[in-house]
Amino acid sequence: MSKPTLATVWLDGCSGCHMSILDMDERLVELSEQFDLVYSPLVDCKEFPEQVDITLIEGSVSSDEDDRKIRAVRARTRILVSLGDCAVTGNVPAMRNSIPVPELLDWVYKGNGLLQEQVPADRLPSLLPRVRPIHEVVNVDVFVPGCPPSADTIFTVISELLAGRVPDVAALSRFGV
Amino acid sequence: MNPVPAVKTLVIDGTDVSASSDQTILDAAQENGISIPTLCHLDGLTEVGACRMCLVELKGSTKLQPACVTLVEEGMEVTTQTPRLQKYRRMVLELLFAERNHVCSVCVANNMCGLQDQAKSHGVTHVRFPYRSPALPVDVSHERFALDHNRCILCTRCVRVCNEIEGAHTWDLLGRGVNSLLISDLHEPWGESDTCTSCGKCVQVCPTGALFDKSKVGGKERKNPDFLSYLNDMREGLR
Chain A
41 MSKPTLATVW LDGCSGCHMS ILDMDERLVE LSEQFDLVYS PLVDCKEFPE QVDITLIEGS
101 VSSDEDDRKI RAVRARTRIL VSLGDCAVTG NVPAMRNSIP VPELLDWVYK GNGLLQEQVP
161 ADRLPSLLPR VRPIHEVVNV DVFVPGCPPS ADTIFTVISE LLAGRVPDVA ALSRFGV
Chain B
-16 MNPVPAVKTL VIDGTDVSAS SDQTILDAAQ ENGISIPTLC HLDGLTEVGA CRMCLVELKG
44 STKLQPACVT LVEEGMEVTT QTPRLQKYRR MVLELLFAER NHVCSVCVAN NMCGLQDQAK
104 SHGVTHVRFP YRSPALPVDV SHERFALDHN RCILCTRCVR VCNEIEGAHT WDLLGRGVNS
164 LLISDLHEPW GESDTCTSCG KCVQVCPTGA LFDKSKVGGK ERKNPDFLSY LNDMREGLR
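Protein chains in written order, with our numbering: chain A, 41 to 217; chain B, -16 to 222.
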């Protein structure tokens, strides 16, 4: 029987949750023998596979590209995990939500004494009016709050899911910290 | 002379307890080591029943009652932990998170916050309601302290400590419902307040990072509201 497949996806976040995955250190070697990592910023694979058992999502839904990605990922994933506060709450990316996008882009790209004032537009994903947590866009199966969730938390969550159990995340992690 | 309060006997979570008739269900529970979650309650301040975290079930009534403002009665049968109560307490917490911009990761009270602690102990791993993301100001006009409305849960602990203990009544609430806002004096910048004595009691009793000391940075704002019981005892001549 082939191993279960695991994917990780990086939307609008700081990559701290992926750093926390790596922070499992030597346990990662043992754990990774139990699954095939089929898609991740950590491996060189361009297309999200047709069918994945477990997908961990870091980051919130902030652009039209994030929105398109997460819908495709959901359709191809058996167990979708919101990993970290950006995926679960919107967190820091969502702090822009009270500012209209054109105003926000002007603040950032114009009038700060920049040599070449211009709002980047060509070939870049456009920002959605509001940053949203993953579960406001697609159905999420497991929520892992934390900024970032600790390596211990992520290790337990992945181990439990691989063993076919639902992890008791409330006992492991919390918003922030 | 005040009449001597009568002793009442009641049952809380299956345990027989006695309490004086001027005590609340919360008082009686705490005296008997029965834990009921609270947010707006603070020993030493009057009760307002603002947060609804302490809702309990009473036998013979379908209405949930806030334990902090419900007086004990003879023969009362109180239940403090049921799936129904857990459901409503979780909902209260989720609505508080959805109402304003509580970004724990960058908050000065991170890991020292009443709201964050309650979310953890009630198993709130996510918020099912859409976030309102309101545009709210931050008042940094005071020399030593700051007020971030994004993190305020309108518990009014600051309003009560300023009025009842410090006697200044600098703080009050403006507006109603979701539009309520904590204001100093007649909605003036805190730093320009004529009544504020800069005592800092409001900062110490604030359960979140809404009121904080400017000298503290992320995750370093540990609040110490324990001074209240000393002040009250001194006022009563007990210390």
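Where is the CB? At the ideal position from N, CA and C, for every residue including glycine. Just so we're clear, the structure is a prediction, and the values are computed from it rather than from any experiment.
- If you look at B:D155, you'll find it in the beta strand (DSSP E) that goes W154 to L157.
- When C-beta distances to chain A are compared with 7 Å, the residues of the region 113 to 124 of chain B below that value are P113, Y114, S116, P117 and A118, in chain order.
- With respect to A:S102, A:D162 sits apart: the two C-beta atoms are not nearer than 8 Å.
- Judged by DSSP secondary structure, A:V101 falls within the beta strand (DSSP E) whose first and last residues are V101 to S103.
- Look at A:E66 here: in three-state DSSP terms it is coil, with no helix or strand label.
- Judged by beta-carbon spacing, B:M59 lies beyond the 8 Å limit of B:Q101, meaning their Cβ atoms are not closer than that value.
- Interface flag for B:V89 against chain A is set, since a Cβ pair is found closer than 8 Å.
- In the same chain as A:N152, and ignoring 5 residues on each side of it, no C-beta atom comes closer than 6 Å to its own.
- Near chain B, meaning a CB-to-CB distance below 8 Å, the residues of the region 107 to 140 of chain A are S122, D125, V128, T129, G130, N131, V132, A134, M135, N137, S138 and I139.
- In the three-state reduction of the DSSP assignment, A:Y149 falls in the helix class.
- Taking the C-beta atoms as reference points, A:R170 is found nearer than 8 Å to A:N137.
- Bounds of any alpha helix (DSSP H) do not take in B:A92, whose DSSP letter is neither H nor E.
- Where B:L164 is concerned, the enclosing beta strand (DSSP E) starts and stops at L164 to S167.
- Proximity of chain B to A:V209 at the Cβ level (cut-off 9 Å) is accounted for by G106 and T108, in chain order.
- Of the candidates A:V148, A:V141, A:P185 and A:R214, A:V141 places its Cα closest to the Cα of A:S166.
- Against chain A, the CB of B:K103 has a partner CB under 8 Å away; the residue lies at that interface.
- Taking 8 Å as the CB threshold, B:V86 lines the interface with chain A.
- When the beta-carbon positions are compared, A:L71 and A:T95 stay at least 8 Å from each other.
- Taking A:T45 as reference, the option from A:R67, A:P207 and A:F75 with the minimal CA-CA separation is A:F75.
- Under the three-state reduction of DSSP, B:S124 is assigned to coil, being neither helix nor strand.
- A distance of 8 Å or more separates the beta carbons of B:T63 and B:E30.
- In the structure shown, the three-state DSSP call for B:T(-2) is strand.
- Taking a beta-carbon distance threshold of 8 Å, A:P169 does not count as an interface residue toward chain B.
- Within the DSSP bridge table, the entry for A:I97 names A:V49 and A:S122 as partners.
- Distance from the CA atom of B:H109 to the CA atom of B:K70, rounded to whole angstroms, is 14 Å.
- When the beta-carbon positions are compared, B:E56 and B:L(-7) come within less than 8 Å of each other.
- Listed by position along chain A, the residues whose Cβ is nearer than 8 Å to that of B:N93 are G216 and V217.
- By the CB criterion at 8 Å, B:V91 and A:V132 fall outside the cutoff.
- Taking the C-beta atoms as reference points, A:P189 is found nearer than 8 Å to A:G124.
- According to DSSP, residue pairing for A:S80 in a beta bridge does not occur.
- If you look at B:L221, you'll find it isn't in any beta strand (DSSP E); DSSP assigns it neither H nor E.
- Relative to the Cα of B:E149, the nearest Cα in the group B:S198, B:T178 and B:D(-4) belongs to B:T178.
- Straight-line spacing of the CA atoms in A:V113 and A:D208 works out to 24 Å.
- Counting along the chain, no beta strand (DSSP E) covers B:V188; the unbroken alpha helix (DSSP H) around it starts and ends at K184 to V188.
- For A:C187, the C-beta contacts it makes with chain B under 8 Å involve C87 and S88, in order along the chain.
- DSSP places A:L167 inside the beta strand (DSSP E), whose first and last residues are L167 to R172.
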